[in-house]
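Below: one structure, written as structure tokens.
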Amino acid sequence: MTKILYPELSYKIVGILFKVFNKLGTGLQEKYYQKAIKLQMQQENIPFLEQVRIDIDLDRENIGRYYIDFV
């Protein structure tokens, strides 16, 4: 079984995700869920970075980039 490195923080974040989903429901664009999650994380004083760019490399050659919503 995988050990969770930050169980309390993980529990808070999962709680925020469920809270946002329960309040907003389904069918909205991703940007609205992201804004709601950002707001909730700020209210809980959880530090995060948003839209973090990750370069995708293959054999030391860049083939693209990817953006992670939250880190």
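Counting in my numbering, the sequence shown runs from 238 upward without gaps. Backbone N, C-alpha and C define an ideal beta-carbon position, used for all residues, glycine too.
Rounded straight-line distance, which links the Cα of Ile253 to that of Ile274: 7 Å
Residue of Asp292, Asn259, Met238 minimising C-alpha distance to Tyr303: Asp292
Identity of the residue in Gln266, Lys240, Ile250, Ile241 nearest Gln279 by Cα: Ile250
From Leu286, Tyr243, Tyr269, residue whose alpha carbon lies closest to that of Thr306: Residue identity check: residue 306 is Asp in the sequence provided, not Thr. It is Leu286 whose Cα lies nearest to the Cα of Asp306.
Alpha carbon of Glu267 to alpha carbon of Phe258, nearest angstrom: 11 Å
Continuous alpha helix (DSSP H) stretch holding Glu267: start and end: 267 to 280
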